[in-house]
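*Asks:* If you scroll down you'll find the structure; I have some questions about it.
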Amino acid sequence: MLAIQLKELESDGVIEKKIYPVTPPKTDYKLTEFGETLIPVIQSMEKWGNYYNQRVDENIK
Numbered sequence: 012m013l014a015i016q017l018k019e020l021e022s023d024g025v026i027e028k029k030i031y032p033v034t035p036p037k038t039d040y041k042l043t044e045f046g047e048t049l050i051p052v053i054q055s056m057e058k059w060g061n062y063y064n065q066r067v068d069e070n071i072k
C-alpha cells in the first residue's frame, strides 16, 4: 500500500524518488518544490490535531 501511495505522489509531482545502485537497495524521497506548498496545510493539520488531543485529554480527566 505504501509503495502505491509513493508512486502516486511521485506521478503527481509531490515527491522525488532517488534510487542508489547499492546493496542492500537504498531509496530516498524528498518533497519537490510543488510538494513544499503542502507544508502550511500539514502544519495547520498538526495544530488542529494538537488542539483535538488537548480537548480529549481534558474530557478524560
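For the sequence shown, the residue numbers in the numbering used here are 12 to 72. Cβ atoms here follow ideal geometry from the backbone N, Cα and C, with glycine treated the same way. Small disclaimer: the values here were computed from a predicted structure and weren't measured.
1) Comparing C-alpha positions only, which one of E44, D39, M12, P32 sits nearest to G24?
2) Considering only DSSP beta bridges, list what I26 is partnered with.
3) For I30, which residues of its own chain have a beta-carbon under 6 Å away from its beta-carbon, when the five flanking residues on both sides are left out?
4) Determine the extent of the alpha helix (DSSP H) in which M56 is found, giving its start and end residues.
*Replies:* The relevant details are as follows:
1) The sequence position of residue 24 within the sequence shown is 13, counting from 1. Per the Cα distances, E44.
2) As a position in the sequence shown, residue 26 is number 15, starting the count at 1. Looking at the DSSP assignment, I26 forms a beta bridge with L42.
3) Looking up residue 30 in the sequence shown gives position 19. Closer than 6 Å at Cβ, skipping near neighbours: T38.
4) Position 45 of the sequence shown, counted from the first residue, corresponds to residue 56. Segment 50-71, the alpha helix (DSSP H) holding M56.
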